[in-house]
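Novice: If you're matching them up, the sequences are chains A and B in order.
Using the numbering used here, the first residue of the first sequence is number 498, and each one after it goes up by one.
Using the numbering used here, the first residue of the second sequence is number 498, and each one after it goes up by one.
For glycine and all other residues, C-beta sits at the position ideal for the given N, C-alpha and C.
Bear in mind that the values here come from a model prediction, so they are computed numbers and not experimental data.
Structure below; questions to follow.
Number of protein chains: 2
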Amino acid sequence: MEDGFSLKQSRVCIVGLGLMGGSLAKALRGHVADLTGIDDDPATCRDATAQGLTRQADGKLSSAIEADVVVLATPVRTIIRLIGELGDYLRPGTLLIDLGSVKGPVVRAMNGLPVSVQAIGGHPMCGKAVSGLAHADGALYRGAPFVLCRSDRTTPDAVALARQMVAAIGAQAIEVEAAHHDRVVAVTSGLPYALAAALTLVAGVQAEDDAMIWTLAASGFRDTSRLAGSDPTMMADILQTNAPAVLDALEEAQAHLTTLVSILRSNKSEDLHATLSRAQAYRHAWEKERGNR
Amino acid sequence: MEDGFSLKQSRVCIVGLGLMGGSLAKALRGHVADLTGIDDDPATCRDATAQGLTRQADGKLSSAIEADVVVLATPVRTIIRLIGELGDYLRPGTLLIDLGSVKGPVVRAMNGLPVSVQAIGGHPMCGKAVSGLAHADGALYRGAPFVLCRSDRTTPDAVALARQMVAAIGAQAIEVEAAHHDRVVAVTSGLPYALAAALTLVAGVQAEDDAMIWTLAASGFRDTSRLAGSDPTMMADILQTNAPAVLDALEEAQAHLTTLVSILRSNKSEDLHATLSRAQAYRHAWEKERGNR
């Protein structure tokens with residue numbers, strides 16, 4: 498990446514043409530010099546090119562050699578593997594960025610790249626309940642926070658180009674240290690998912706013997722359990738690659754539940770009201786911070 | 498209540514003119530012979546009458562003596578207390594019904610009423626994040642399941658009249674035994690609320706030292722934590738009056754979380770995928786059953 502290199506002049510290669518990669522291709526159209534794709538699935542490659550999302554797409558990692566910017570839009574464990582494999586194919590100055598939901602292991606892998614490569618971790622905080630190129634949406638990133646985590650391979654030029662890309666797709670760049678990011682998302686994403694899964698398992702097991710469970714499960718159940726509908730492969734990937742922070746968050750949640758059980762069992766009305774009021778105050782604090790419900 | 502007594506000919510008195518009682522008054526307009534209200538708050542009584550929701554409203558329980566149908570729309574513990582106090586004021590044949598979220602203790606209190614009184618437990622499965630007469634909505638009950646639980650004071654005529662009322666407000670009557678109802682709602686309402694509160698407490702405590710928590714908390718956190726914003730007084734009432742069933746549900750949820758922790762800690766990928774897939778399958782089963790997401 499030369500000084501003053503701009504997104505507009507960049508040839509971008511997206512590895513992984515699913516919901517996130519496909520949406521990025523749509524969002525980047527007109528903002529870059531060239532768009533190519535790499536995906537294991539030949540049908541996906543054909544569709545991406547037929548729809549004009551990529552000029553060309555194939556299954557060969559070596560195709561990344563022509564790119565100025567390579568975006569890894571695969572599951573986290575695949576991202577980590579690809580960073581190791583891509584080292585040989587990236588020309589000096591190429592910017593490598595990923596879209597994975599966990600950043601510590603990704604940034605550590607980036608630290609092992611040849612010093613000539615520029616690499617920065619990325620995590621756009623958006624998604625959909627569905628997956629695959631067929632659901633790609635050029636507006637997916639609009640207004641979303643897009644976390645950037647520097648690695649040992651991140652120069653100021655790399656940050657500047659990554660920020661150009663984030664701005665081009667309408668997202669908002671937020672720079673955070675990778676370990677910090679992972680602790681936070683364990684609480685804001687991993688824990689909600691785990692609690693939704695636990696709720697759904699309790700209800701589902703009982704529903705096998707009692708049809709009334711699904712009949713009376715209404716909007717409260719719907720919202721609290723929504724994340725349990727997420728793709729298990731993707732979620733296992735996210736939980737396992739961020740296991741230490743997720744385990745910390747789970748243990749804290751269990752401690753709060755144990756306190757609640759103890760308060761309920763001993764029928765301590767004042768303690769119960771104080772605990773529930775505190776939860777409500779925190780929820781209102783978040784609503785105020787985010788300006789939405 | 499005489500044979501063939503109809504809702505259209507009934508004088509209805511609603512005790513508690515908050516969101517639920519006020520919405521019921523709006524929904525019942527034109528379907529009943531007379532509508533009066535009882536509420537502790539004089540301003541609420543004035544508003545209800547000024548808005549034409551009730552012909553008159555005051556704070557005296559004795560005003561219920563003129564009614565053919567008395568609806569208790571207060572928190573659960575108040576409902577239980579009022580059933581005991583109302584025994585003296587209800588004329589023979591009067592139908593007493595409540596809108597409380599817990600049914601076992603309510604139906605047990607109804608069983609202690611004079612034999613001349615008709616009484617049936619009710620639980621409309623709907624609500625709003627806000628409370629009070631100002632948010633009353635005549636469409637609140639439309640399409641919602643409305644649970645009916647018979648007591649020892651429930652004759653076939655009482656069931657028929659209660660069903661007329663449920664139909665008049667556009668809800669769908671579902672008859673369930675009270676203890677069964679309470680076990681089910683502990684899983685479908687109490688548990689989701691408790692998990693949302695635990696999530697919000699974990700995030701809120703960390704957010705006090707780390708502003709990034711609220712910045713990165715997105716739609717997954719929003720939905721999973723939504724119920725934590727509920728009124729703590731109302732929720733404490735619901736959890737405490739249904740404590741045995743809520744405690745059972747909480748213990749099952751904790752068992753699932755403990756399993757998840759153990760799987761994550763030992764990095765058992767196959768077990769993790771199987772558990773998360775099971776949760777996803779249950780969530781999809783509910784979506785299929787309810788036809789919504």
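Please report the Cβ distance between A:I735 and A:V603, rounded to the nearest whole angstrom; I am assuming they are in contact, meaning their Cβ atoms lie under 8 Å.
Specialist: Wrong, their Cβ atoms sit about 12 Å apart, outside the cutoff.
Novice: Pull out every residue of the region 718 to 734 of chain A whose Cβ sits closer than 8 Å to any Cβ of chain B, in chain order.
Specialist: F718, R719, D720, T721, S722, R723, L724, A725, G726, S727, D728, P729, T730, M732 and A733
Novice: Determine contact between the region 716 to 726 of chain B and the region 680 to 700 of chain B, defined as no fewer than three beta-carbon pairs at a distance below 8 Å.
Specialist: yes
Novice: Does the beta-carbon distance from B:G556 to B:D585 come in below 9 Å?
Specialist: no
Novice: Here's the rule: buried if 16 or more other CB atoms are within 10 angstroms of the residue's CB, otherwise exposed. What is B:K505?
Specialist: exposed
Novice: From which residue to which residue does the alpha helix (DSSP H) around B:Q777 run?
Specialist: S766 to R787
Novice: Can you tell me where the alpha helix (DSSP H) holding A:V663 begins and where it ends?
Specialist: P653 to A665
Novice: Do the CB positions of A:V612 and A:L587 come within less than 9 Å of each other?
Specialist: no
Novice: Mapping DSSP to helix, strand and coil, what is B:R574?
Specialist: In the three-state scheme derived from DSSP, where H, G and I count as helix and E and B as strand, B:R574 is classed as helix.
Novice: Near B:V673, which residues of its chain fall below 7 Å by C-beta distance, leaving aside the five closest residues on each side in sequence?
Specialist: So the qualifying residues of the chain are V644 and C646.
Novice: Once the 5 residues before and after A:A670 are set aside, which same chain residues still bring their CB inside 6 Å of it?
Specialist: F643, L645, R660 and V663
Novice: So what does DSSP say about A:V529, is it helix, strand or coil?
Specialist: coil
Novice: If you run the structure through DSSP and keep just helix, strand and coil, what is A:F643?
Specialist: strand
Novice: Using 8 Å as the cut-off, classify the Cβ of A:K505 as near or not near the heavy atoms of the ligand HEM, replying yes or no.
Specialist: Of ligands this structure carries none, so the ligand HEM is not represented either.
Novice: If we count Cβ pairs, one from each stretch, closer than 8 Å, do we get three or more for the region 764 to 780 of chain B versus the region 774 to 782 of chain A?
Specialist: no
Novice: Measure from the alpha carbon of B:L596 to the alpha carbon of each residue in B:L514, B:P741, B:V758 and B:L754, then state which is nearest.
Specialist: B:L514
Novice: How long is the line joining the alpha carbons of B:G581 and B:L610, rounded to whole angstroms?
Specialist: 7 Å
Novice: Can you tell me whether B:P741 is buried or exposed, with buried defined as 16 or more other CB within 10 angstroms of its CB?
Specialist: When all chains shown are included, B:P741 counts as exposed.
Novice: For the structure I just gave you, are there three or more beta carbon pairs, one from the region 711 to 720 of chain B and one from the region 703 to 715 of chain A, closer than 8 Å?
Specialist: no
Novice: Is there a C-beta anywhere in chain A that falls below 9 Å from the one on B:P642?
Specialist: yes
Novice: Compute the Euclidean distance between the alpha carbons of A:T812 and A:S759, then round it to the nearest angstrom.
Specialist: Outside the displayed range of chain A (498 to 790) lies residue 812 of chain A, so it cannot be described from this structure.
Novice: Could you tell me whether any Cβ in chain B is nearer than 9 Å to the Cβ of A:P864?
Specialist: Any property of residue 864 of chain A remains undetermined from this structure, which presents chain A solely from 498 to 790.
Novice: With 9 Å set as the bound, which would you pick, yes or no: does the beta-carbon of A:C646 sit closer than that to a beta-carbon of chain B?
Specialist: no
Novice: Out of curiosity, what's the CA-to-CA distance linking A:T571 and A:G601?
Specialist: 16 Å
Novice: For chain A, check one thing: does any of its Cβ atoms lie closer than 9 Å to the Cβ of B:H632?
Specialist: So no, B:H632 is outside the interface.
Novice: Skipping 5 residues on each side, what residues in its chain have a beta carbon closer than 7 Å to that of A:D728?
Specialist: Cβ neighbours of A:D728 beyond the five flanking positions: S628.
Novice: Identify whether A:L569 lies in helix, strand or coil by the three-state DSSP scheme.
Specialist: strand
Novice: Take A:V681 as the anchor and find which of A:G701, A:L747 and A:L637 has the nearest alpha-carbon.
Specialist: A:L747
Novice: In terms of residue numbering, what span does the alpha helix (DSSP H) encompassing B:C542 cover?
Specialist: P539 to A547
Novice: Can you tell me whether DSSP reads B:A715 as helix, strand or coil?
Specialist: B:A715 falls in the coil class under three-state DSSP.
Novice: For a test of the three-state rule: what should DSSP assign to A:V673, helix, strand or coil?
Specialist: coil
Novice: What do you reckon, are the CB atoms on A:D783 and B:A704 nearer than 9 Å?
Specialist: Note that residue 783 of chain A is Trp in the sequence shown here, rather than Asp. Contact: yes.
Novice: Please name the residue in A:D544, A:I666, A:R719 and A:T738 whose C-alpha comes closest to that of B:K785.
Specialist: A:R719
Novice: Interface residues of chain A around B:A520 at Cβ under 7 Å?
Specialist: Note that residue 520 of chain B corresponds to Ser in the displayed sequence, not to Ala. Under a criterion of Cβ atoms nearer than 7 Å, no residue of chain A is adjacent to B:S520; the nearest Cβ is some 16 Å distant.
Novice: Could you confirm whether any beta carbon from chain B is found closer than 9 Å to the beta carbon of A:I671?
Specialist: Nearest CB-CB separation between A:I671 and chain B: below the 9 Å threshold.
Novice: CA-CA distance, A:G565 and A:V614?
Specialist: Before going on, a small fix: residue 565 of chain A reads as Asp here, not Gly. When rounded, the distance between both Cα atoms is 10 Å.
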